[in-house]
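Asker: Residue numbers (this note's numbering): 437 to 682.
Take this structure first; my questions come after.
Have a look at this one:
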């Protein structure tokens, strides 16, 4: 998209490097799907800027009261841009569904693997907490993940704490898989700790390094992050992220 204001620049096909999801079994890895999701969101943002430059939205009338194209706007550009946005929104919805399915499958496989391991030895006392910008490996506690981080807003408290899209939430303060009540308890913990550090335990997919006798793959990393809910960071809410219950 070289010139966002040229009526001929919006392509008729996908401009992202990966093909759109379809009803067939998608063989791409979770990391590839997340990369594709990010590219879709980037193009949707750019196309939204095209509409903004014409003072138009997805519902702005393109004809006059008597049915003629409006002379004050670029009708062809807006129509083409809207069609592209609709297509990319459908692709975005489909890839989110694939990511959610993949995360659930990975979570189930991890839980099965954990169940097959012998009981762990008692853990030493936890080290003192660090600042919210730092993170350390979480204690090895068998807690089931109950939510997935869907999106993280740049510059928000969640990003500052180190949360990433795709992270699986195992604990937020005292909220866990047994008592989160459809994330209601998470909301209570966040609202009750504005300006205070809340410890968040997460599982994160991590690409495995390739050795001479090892195939590439994905490992699950356990992390404990210090999250400080706060207002005035430039966006809505206290966290700057969106969670989906598992």
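Just so it is clear, CB atoms sit at the ideal spot from N, CA and C, and this is done for glycine as well.
Computed from a predicted structure; not experimentally measured.
Indicate the three-state DSSP secondary structure (helix, strand or coil) for residue 655 in the structure shown.
Answerer: It is a strand residue.
Asker: Taking residue 676 and residue 669 to be in contact with their CB atoms under 8 Å, please state how far apart those CB atoms are, rounded to whole angstroms.
Answerer: That pair is a contact at about 6 Å.
Asker: Run through DSSP, which three-state label would residue 509 get?
Answerer: In the structure shown, residue 509 sits in coil (DSSP, three-state: anything other than H, G, I, E or B).
Asker: Could you check whether the stretch 537-553 touches the stretch 472-484, counting it as contact only if at least three pairs of C-beta atoms, one from each stretch, sit closer than 8 Å?
Answerer: Result no; under three Cβ-Cβ pairs closer than 8 Å.
Asker: Note the first and the last residue of the continuous beta strand (DSSP E) segment covering residue 608.
Answerer: Note, residue 608: beta strand (DSSP E), 604-608.
Asker: Would DSSP call residue 635 helix, strand or coil?
Answerer: In the structure shown, residue 635 sits in a strand (DSSP, three-state: E or B).
Asker: For residue 604 and residue 587, what's the separation of their Cα atoms in angstroms?
Answerer: The straight-line gap from Cα to Cα measures roughly 12 Å.
Asker: Tell me the DSSP secondary structure of residue 479 in three-state form.
Answerer: Looking at residue 479 - three-state DSSP - the assignment turns out to be helix.
Asker: At the level of alpha carbons, what is the spacing between residue 476 and residue 524?
Answerer: Using only the alpha carbons, I get a separation of about 7 Å.
Asker: According to DSSP, is residue 650 part of a helix, a strand, or is it coil?
Answerer: Confidence in residue 650 is poor, its pLDDT being 49 and thus under 50, which makes the residue's placement unreliable; the coordinate value appears in the next sentence. In the structure shown, residue 650 sits in coil (DSSP, three-state: anything other than H, G, I, E or B).
Asker: Using 8 Å as the threshold, is the stretch 607-614 in touch with the stretch 628-640, meaning 3 or more CB pairs across them?
Answerer: Yes, the stretch 607-614 is in contact with the stretch 628-640.
Asker: Beta-carbon separation of residue 596 and residue 664 under 9 Å?
Answerer: A contact, by the Cβ cut-off of 9 Å.
Asker: For residue 615, is the classification buried or exposed, using 16 other Cβ atoms within 10 angstroms of its Cβ as the cut-off for buried?
Answerer: Label assigned to residue 615: exposed.
Asker: Could you spell out the range, first to last residue, of the alpha helix (DSSP H) harbouring residue 593?
Answerer: Per DSSP, residue 593 belongs to the alpha helix (DSSP H) from 593-597.
Asker: Just the Cα atoms here: how many angstroms apart are residue 673 and residue 530?
Answerer: Rounded to whole angstroms, residue 673 to residue 530 spans 27 Å at the Cα level.
Asker: In terms of alpha-carbon separation, which member of 667, 659 and 640 lies closest to residue 543?
Answerer: Comparing Cα-Cα distances from residue 543 to each of 667, 659 and 640, the minimum goes to 640.
Asker: Within 10 angstroms of the Cβ of residue 612, are there 16 or more other Cβ atoms? Answer buried if so, exposed if not.
Answerer: Buried.
Asker: Enumerate in chain order the residues of its own chain whose CB-to-CB distance from residue 656 is below 6 Å, with the five nearest sequence positions on each side excluded.
Answerer: 546 and 639.
Asker: Return helix, strand or coil for residue 585, following the three-state DSSP convention.
Answerer: Of the three classes helix, strand and coil, the one that applies to residue 585 here is strand, per DSSP.
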